[in-house]
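Here the sequence shown is numbered in full-length UniProt numbering, starting from 1 and rising by one per residue.
Beta carbons: idealized from backbone N, C-alpha and C, even for Gly.
None of these values were measured; they are calculated from a predicted model.
Okay, so here's the structure we're looking at.
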Amino acid sequence: PATYVVLIGQKTPKIKYVTISYIFPNADKYEGQCCKSTSGALVRGGTGKHTSASGVIYSGEWYDDKMNGTGTLQLPSGAHYEGDFKDGMFHGTGKYTFPNGSFYTGHFNQNRLEGQGSFTDSSGLVWIGEFHGKAALGLRLKNTDWV
(Lines of atoms letter the chains of each structure in order from A and count residues from 1; the text may use other names and numbers.)
(Lines give C-alpha, C1' and ligand atoms only; values in the text may rest on other atoms or scores of the structure.)
Protein backbone atom coordinates (compact mmCIF):
# COMPACT_ATOMS: atom_id res chain seq x y z
CA PRO A 1 0.00 0.00 0.00
CA ALA A 2 1.14 3.53 -0.76
CA THR A 3 1.64 6.15 1.93
CA TYR A 4 1.16 9.87 1.29
CA VAL A 5 2.93 12.55 3.30
CA VAL A 6 2.06 16.24 3.06
CA LEU A 7 5.13 18.48 3.19
CA ILE A 8 4.25 21.95 4.46
CA GLY A 9 5.95 24.71 2.51
CA GLN A 10 7.05 22.44 -0.36
CA LYS A 11 6.07 22.96 -4.00
CA THR A 12 4.94 19.35 -4.31
CA PRO A 13 1.98 18.88 -1.95
CA LYS A 14 2.28 15.09 -1.66
CA ILE A 15 4.98 12.47 -1.84
CA LYS A 16 3.88 8.95 -2.61
CA TYR A 17 5.93 6.30 -0.80
CA VAL A 18 5.97 2.64 -1.78
CA THR A 19 7.57 -0.18 0.20
CA ILE A 20 10.27 -2.21 -1.54
CA SER A 21 12.97 -4.80 -0.93
CA TYR A 22 16.01 -4.26 -3.16
CA ILE A 23 19.44 -5.87 -3.45
CA PHE A 24 22.07 -3.60 -5.02
CA PRO A 25 24.70 -4.92 -7.48
CA ASN A 26 27.34 -4.69 -4.70
CA ALA A 27 25.16 -6.97 -2.46
CA ASP A 28 23.90 -4.13 -0.22
CA LYS A 29 20.25 -4.56 0.71
CA TYR A 30 17.48 -2.01 1.33
CA GLU A 31 14.06 -2.76 2.76
CA GLY A 32 11.67 0.11 3.27
CA GLN A 33 9.98 3.06 1.68
CA CYS A 34 11.03 4.87 -1.46
CA CYS A 35 9.63 7.54 -3.75
CA LYS A 36 10.36 9.23 -7.06
CA SER A 37 12.85 12.10 -7.04
CA THR A 38 12.23 15.30 -8.99
CA SER A 39 14.21 13.75 -11.86
CA GLY A 40 11.97 10.67 -11.80
CA ALA A 41 14.52 8.28 -10.28
CA LEU A 42 13.43 5.93 -7.51
CA VAL A 43 15.16 6.98 -4.25
CA ARG A 44 15.04 5.96 -0.62
CA GLY A 45 12.59 8.12 1.29
CA GLY A 46 10.40 7.66 4.36
CA THR A 47 11.65 4.89 6.64
CA GLY A 48 13.79 1.89 5.87
CA LYS A 49 16.74 -0.34 6.67
CA HIS A 50 19.93 -0.45 4.61
CA THR A 51 22.40 -3.28 5.23
CA SER A 52 25.74 -3.00 3.46
CA ALA A 53 27.69 -6.02 2.25
CA SER A 54 30.41 -5.03 4.76
CA GLY A 55 27.99 -5.25 7.70
CA VAL A 56 27.07 -1.59 8.27
CA ILE A 57 23.36 -1.34 9.15
CA TYR A 58 21.27 1.84 9.13
CA SER A 59 17.66 1.76 10.21
CA GLY A 60 15.64 4.95 10.26
CA GLU A 61 14.41 7.88 8.23
CA TRP A 62 15.47 8.72 4.68
CA TYR A 63 15.00 11.76 2.48
CA ASP A 64 16.40 12.30 -1.01
CA ASP A 65 18.22 8.92 -0.87
CA LYS A 66 20.24 9.95 2.22
CA MET A 67 20.00 9.24 5.94
CA ASN A 68 17.92 12.21 7.13
CA GLY A 69 15.91 12.43 10.35
CA THR A 70 16.31 9.99 13.22
CA GLY A 71 17.91 6.59 12.99
CA THR A 72 20.42 4.04 14.22
CA LEU A 73 23.73 3.17 12.54
CA GLN A 74 25.55 -0.02 13.58
CA LEU A 75 29.15 -0.61 12.50
CA PRO A 76 30.93 -3.99 12.21
CA SER A 77 33.45 -2.84 14.87
CA GLY A 78 30.66 -2.86 17.47
CA ALA A 79 30.39 0.94 17.49
CA HIS A 80 26.94 2.41 16.94
CA TYR A 81 25.16 5.75 16.73
CA GLU A 82 21.58 6.58 17.59
CA GLY A 83 20.19 10.03 16.92
CA ASP A 84 19.72 12.70 14.28
CA PHE A 85 21.09 12.55 10.74
CA LYS A 86 21.31 15.18 8.02
CA ASP A 87 22.48 14.44 4.48
CA GLY A 88 23.98 11.09 5.54
CA MET A 89 25.92 12.48 8.52
CA PHE A 90 25.51 12.59 12.30
CA HIS A 91 23.96 16.01 12.76
CA GLY A 92 21.89 17.18 15.72
CA THR A 93 21.51 15.32 18.99
CA GLY A 94 22.68 11.75 19.40
CA LYS A 95 24.64 9.08 21.21
CA TYR A 96 27.77 7.45 19.78
CA THR A 97 28.96 4.28 21.50
CA PHE A 98 32.56 3.22 20.87
CA PRO A 99 33.58 -0.46 20.51
CA ASN A 100 35.03 -0.48 24.06
CA GLY A 101 31.67 0.57 25.55
CA SER A 102 32.52 4.21 26.23
CA PHE A 103 30.03 6.68 24.76
CA TYR A 104 29.39 10.32 23.94
CA THR A 105 25.94 11.87 24.29
CA GLY A 106 25.32 15.35 22.97
CA HIS A 107 25.44 17.45 19.84
CA PHE A 108 26.97 16.54 16.49
CA ASN A 109 27.75 18.71 13.48
CA GLN A 110 28.60 16.95 10.20
CA ASN A 111 29.88 13.78 11.94
CA ARG A 112 31.89 15.75 14.54
CA LEU A 113 31.27 16.06 18.27
CA GLU A 114 30.20 19.68 18.52
CA GLY A 115 28.78 21.57 21.47
CA GLN A 116 27.58 20.60 24.91
CA GLY A 117 27.83 16.90 25.71
CA SER A 118 29.03 14.19 28.02
CA PHE A 119 31.55 11.41 27.57
CA THR A 120 31.30 8.27 29.69
CA ASP A 121 34.52 6.28 29.62
CA SER A 122 34.74 2.48 29.75
CA SER A 123 35.20 2.56 33.55
CA GLY A 124 31.97 4.56 33.99
CA LEU A 125 33.44 7.99 34.74
CA VAL A 126 31.35 10.78 33.19
CA TRP A 127 33.05 13.85 31.74
CA ILE A 128 30.91 16.86 30.77
CA GLY A 129 31.65 20.03 28.87
CA GLU A 130 32.04 21.59 25.47
CA PHE A 131 33.26 19.42 22.59
CA HIS A 132 34.71 20.64 19.29
CA GLY A 133 35.68 17.79 16.97
CA LYS A 134 38.57 15.95 18.60
CA ALA A 135 39.14 18.76 21.13
CA ALA A 136 37.31 19.00 24.43
CA LEU A 137 38.69 21.91 26.40
CA GLY A 138 37.53 22.49 29.96
CA LEU A 139 35.99 19.09 30.54
CA ARG A 140 35.07 18.37 34.13
CA LEU A 141 34.30 15.17 35.92
CA LYS A 142 30.62 14.92 36.77
CA ASN A 143 29.87 14.65 40.48
CA THR A 144 30.20 11.02 41.51
CA ASP A 145 29.93 9.10 44.75
CA TRP A 146 33.33 7.66 45.59
CA VAL A 147 33.37 4.48 47.66
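- Asn109: member of the beta strand (DSSP E) spanning Phe103 to Asn109, first to last residue.
- Here His132 is exposed. Its C-beta has fewer than 16 other C-beta atoms within 10 Å.
- By the Cβ neighbour-count rule, Gln33 is buried, with 16 or more other Cβ atoms within 10 Å of its own.
- According to DSSP, residue pairing for Ala135 in a beta bridge involves His132.
- According to the DSSP assignment, Ser59 belongs to the beta strand (DSSP E) that extends over Ile57 to Tyr63.
- Within the model, the alpha-carbon separation for Tyr30 versus Gly71 is close to 14 Å.
- Spatial neighbours of Ile20 in its own chain (CB-CB distance under 6 Å, excluding positions within 5 residues in sequence) are listed in chain order as Cys34.
- Here the alpha carbon of Ser102 sits roughly 16 Å from the alpha carbon of Arg112.
- For Thr93, the closest alpha carbon among the candidates Ser123, Gly46, Pro76 and Asn68 is that of Asn68.
- Here Arg44 is buried. Its C-beta has 16 or more other C-beta atoms within 10 Å.
- Looking at the DSSP output, Asp84 sits in a beta bridge with Thr70.
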